[in-house]
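Those protein sequence lines, which keep their order, are chains V and G. Each residue of the first sequence is one higher than the one before, counting from 8 in the working numbering. Each residue of the second sequence is one higher than the one before, counting from 5 in the working numbering. Quick reminder that beta carbons are idealized off the backbone N, C-alpha and C, glycines included. Notes follow the structure.
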Amino acid sequence: MLSLKLERRGEVSRKFSAAVSGFFLLAGLFFASIIFELLGVSAVETFSRVVSVFTSQSSLMQAILRGLPIGFAALGLCLAFKMNFWNIGAEGQMYMGMTAATGVVLLHAYYGYIPDFLVFPAMVAAGFLAGGLYCTLPAFLKVKFGVNEILPTLMLNYIAMHFVNFLITGPWRDPRGFGFPLSIIFPPYARMETFLGHANFIGLPAAITAAALIFGLLQKTSIGFEMRVLGQNFEAARYAGVKIGRTLLTGSMVAGGLAGIGGLVIVSGMLGRLRPGAPAGYGYTAIIIAFLAFLNPWLAVPAAIFFGGLLVAGDVIQATLNLPFAAVQIFQSTIFLMIIVGEFFKRYKIRVVR
Amino acid sequence: MGGMTETEYLVEMRGITKRFPNVVANKNASFTLRKGEVHALLGENGAGKSTLMNVLYGIYRPDAGEIRVYGKRVEIRGPKDALKLGIGMVHQQFKLIPVHTVAENVILGLKEMGFVLDGRKINQRLGEVISRYGWKISPDARVWQLSAGEKQQVELLKALFRNVKILILDEPTSVLTPQETVVLFQTLRTMASQGIGIVLITHKLEEVFSVSDRVTVMRGGETVATKHVRDTNIEELVELMIGRPLLKIAPARQLSREKAVLRVSDLVVLNDKGLEAVRNVSFQLFGGEILGIAGVSGNGQQELLEAIAGLRKPVSGKIFLDGVDITDKHPWEIISAGVSYIPAEALRYSAAEMTVAENLVLKAYRNPEFSKKILINWKNVAKKSMDLVQSFRIVTPSINNKVGNLSGGNVQRLVLARELGTYPKLRVVLAAYPTRGLDIASTEAIHQEFIKKSEQGVSILLVSEELEELVALCDRIMVMHRGEVVGVLERGMYDIEEIGLMMTGVKKMEAKA
Ligand SMILES: Nc1ncnc2c1ncn2[C@@H]1O[C@H](COP(=O)(O)OP(=O)(O)OP(=O)(O)O)[C@@H](O)[C@H]1O
Ligand SMILES: [Mg+2]
């Protein structure tokens, strides 16, 4: 009788790892093409359009713009997960970042406290603080009462969503918006593209800087070291005299803050206003991206942009080839699934046993 | 030479080579096991003993070489294959599931092997085995509540329950009390007389002579010799292992007892189960003194050390360091005050996925030497790590190797290097079984290091079950039983027999340390 057996691999080389990833990416494209052919659409045609997303300048800019919010949130999650803090709440933290940034705009538009050029920096600060504080709440519960963070972070997502819905259907609704649940359109000084012509021109450098900062924080600073030890082994951290509460609160502040910045990019760089539907699950996608990047901050932003590209490609395929939205989602998921399968095979190998 | 002698071998391993990234753990190693023998496997830390036996147990696949079991060539692809062949292994680090009960741990995986399970019968059979060996564990106890020695017994139970013909024990006695060891050896002899072949990895040479039939010595991944125990002696084995004779321990010395460095008064500490583990313990530790704590493990020693280190909150009582009350202080403050702690289970307090260097500075990263404001100076860390790796002879391909990949004894060496070598002003060392898992040369080196440190004025609280170690090193020995101090002996008045009686609670002495 033949049977299959899993066997753990030891450590694998980088070359091997890259080869496996490449192979399964191709396999994903292959399976996706079978699906397209079954739907009666030429796979070659489809892929040339997917590739063109990454080669044509305007759609590449789109891909980057979509990837940025996910990238910021994923960076935060790299930090949180390294700390063994299972933050499922990036979505809610993005909502809070969007809300706070919008709040600053509205305050300024209605009351005009500060000069226009200070509004954007104030939005950044508010977005970071709001996302961060929203994430320290479950961290505080964990530190103080030993509550596991998974459920609180998840539930706070729904609270944030309903909070935003309340604001845009109520107090923050644009009075001249014909009753639609939308905030006012942000004035130019509150929009990212105002500064250098395109939101990416400040967004991308900012994301890369954030990646460098997170990398530096984790690898070069003592608090980052404490975070990594804590994530590795709670007992070891206690034993080493790490101040666990302080470390967790700081880390969750930064992690949530980055998701908040992601929310800021959505309202200030993409939508130009607060409106329902966003962040459209970006906060959950960021979880997958963080793992695809092996929690390595340097890889998080490129991985997010790659996914942003898939989102744009989905729109293109949908519009030009007249495919249903579900087909697009199948396409994206197939590729993701295969990449994850590849990760599995970096850890295990299968043997045929008699 | 005929078929007869060949089938007498339960196991023949020939030309085994096993490589890990940057390390050759086994080099053309050979090993045989006969029916009904206890075969000791000796060698320095990192010599490749665990790896060779992990190959036999199917955890690693060799890069070269062949394995025969019962004379037949086999490929062992995993522990399940090994179990099917009747090979069982008790590991250096326990492989138990802490939240499960003893019984659950024992039967885990049995079902797949075609055993029919009946809860009541199992508990009954377990109870029989447990009482046959004179153990005290209950089948319904949760494993996390057990002491190290008791966890070991569960591991043995697992193997006994699977009717193994070949039993590999990786340093089983390092966590056992002397009494438990005696019981274990009787068990092993009984098992051997029933035809079971037993591999005993150990660092204790007395054990080789008291229980084994043959002995194989490993060095640098190779098997350098296999001998009948009756044809060899300690000196020869030491030479084979480390290539030189051993140093001896320093003589007794005088020290003044004017000021207590550490003073513990009426301390009461609870264990994880919420029971009183330390009961009204009071003692003083003087400057440069080595104070031994003798006792069967699980009698409150660990809870006492954890309370002093700030890792466990005492219910009542006080702890003073240089006259300052440190009860309830954060562990970091106690570390900064110069109290180091060598815990009983090295890996439990290590970051196994992090590097040797990172684990070496697990506590010292805040020292000005290693961090300026918030930035860690990794260059200095690397320099210091290189020094420590050399002086404590940690066998590792580099300081960036993961600690989880080190051999058992080398993890212990790393902990010792950190606790003895990274404190800017070391005052007190709390040492629980510090030489557990170390080979004889390193054990000797650590003893020398303790004496050197104490001569520099560092005070050492040494928890050990090995009375020879305590007697050789300590200025005083305090005996603990059921969380209480049942006696204190001064150097010159040591009587191993008497200490043994106090450890088991038969005798008590009215004295305060
Ligand atoms: N999984 C692994 N990955 C990388 N290196 C390993 C691994 N396991 C063991 N090694 C290395 O192989 C060598 C032999 O290790 P092994 O555990 O067999 O030693 P040992 O003789 O059992 O030592 P000890 O007495 O300390 O337990 C060591 O240098 C160790 O670092
Ligand atoms: Mg070993």
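Please classify residue i: does DSSP put it in a helix, a strand, or coil?
i	result
G:K169	coil
G:I520	Nothing in the structure corresponds to residue 520 of chain G, since chain G is present only between 5 and 517.
V:A285	coil
G:G321	strand
V:E200	helix
G:M93	strand
G:F287	strand
G:T227	strand
G:E240	helix
V:G138	helix
G:M100	Checking the sequence shown, residue 100 of chain G turns out to be Leu, not Met. Note: G:L100 maps to coil in three-state DSSP.
G:A29	strand
G:E10	Because G:E10 carries a pLDDT of 44, less than 50, the predicted location of this residue cannot be relied on, and the following value inherits that uncertainty. Three-state DSSP puts G:E10 in a helix.
V:T257	helix
G:V419	helix
G:G413	helix
G:H485	strand
G:T508	coil
V:S229	helix
G:R397	coil
V:I95	coil
Would you mind giving the Cβ-Cβ distance between residue i and residue j, rounded to the nearest angstrom? I have them listed as a contact below 8 Å.
i	j	result
V:R16	V:K356	6 Å
G:S142	G:V106	7 Å
V:G204	V:G276	Actually they are not in contact, since the Cβ atoms of V:G204 and V:G276 sit about 12 Å apart, beyond 8 Å.
G:V147	G:I101	7 Å
V:V51	V:A320	Not really, about 15 Å apart at Cβ, beyond 8 Å.
G:S354	V:N240	7 Å
G:L392	G:L430	Their Cβ separation, rounded to whole angstroms, is 14 Å, which puts G:L392 and G:L430 out of contact at 8 Å.
V:I230	G:I378	6 Å
V:A129	V:V111	5 Å
G:I346	G:E470	G:I346 to G:E470, Cβ: 15 Å. No contact.
G:H43	G:D217	7 Å
In whole angstroms, give me the CA-to-CA distance for residue i and residue j.
i	j	result
V:M260	V:Y289	19 Å
V:L140	V:G264	8 Å
V:M90	V:F147	15 Å
G:V2	G:A445	Residue coverage of chain G in this structure runs from 5 to 517, which leaves residue 2 of chain G outside it and unanswerable.
G:K231	G:M222	12 Å
V:Y120	V:G177	23 Å
G:G7	G:R77	Reliability fails at G:G7, whose pLDDT of 41 lies under 50, so the model's placement of it is uncertain and no value is given.
V:P159	V:A262	15 Å
V:I191	V:F222	37 Å
G:G19	G:S402	27 Å
V:A326	V:Y246	58 Å
V:K22	V:F61	25 Å
G:G413	G:V433	20 Å
V:F332	G:M358	44 Å
V:I347	G:K162	36 Å
V:L32	V:S63	21 Å
G:H451	G:L442	11 Å
G:A356	G:E240	36 Å
G:F454	G:I464	8 Å
Is residue i near ligand 4, in the sense that its beta carbon is under 7 Å from a heavy atom of that ligand?
i	result
G:N409	Although ligand 4 was asked about, the structure shown includes only ligand 1 and ligand 2 as ligands.
Checklist line | Interface residues of the segment 355-383 of chain G facing chain V [CB-CB below 8 Å] | finding: A355, A356, E357, M358, E362, L366, K367, Y369, R370, S375, I378, L379, I380 and W382
Margin query: Under 8 Å, CB to CB, which of the residues in the segment 248-260 of chain V have a partner in chain G?
Written below: G248, V249 and K250
Check: Of all residues in the structure, which have a C-beta closer than 7 Å to any heavy atom of ligand 2, taken in chain order?
Finding: G:K53, G:S54, G:Q96, G:D174, G:E175, G:I205, G:S411, G:G412 and G:G413
Checklist line | Interface residues of the segment 324-337 of chain G facing chain V [CB-CB below 9 Å] | finding: H334, P335, W336 and E337
Notebook entry, point to check: When Cβ atoms are compared, which residues of the segment 337-350 of chain G fall closer than 9 Å to chain V?
Noted result: E337, I338, I339, S340, Y345 and P347
Notebook entry, point to check: According to a CB-to-CB cut-off of less than 9 Å, which residues of the segment 302-323 of chain G neighbour chain V?
Noted result: A313, G314 and L315
Next item on the list: Could you please tell me which residues of the segment 421-454 of chain G, in chain order, have their CB closer than 8 Å to any CB of chain V?
Entry: none
Check: For the segment 282-302 of chain V, which residues have a CB atom closer than 9 Å to at least one CB atom of chain G, in sequence order?
Finding: none
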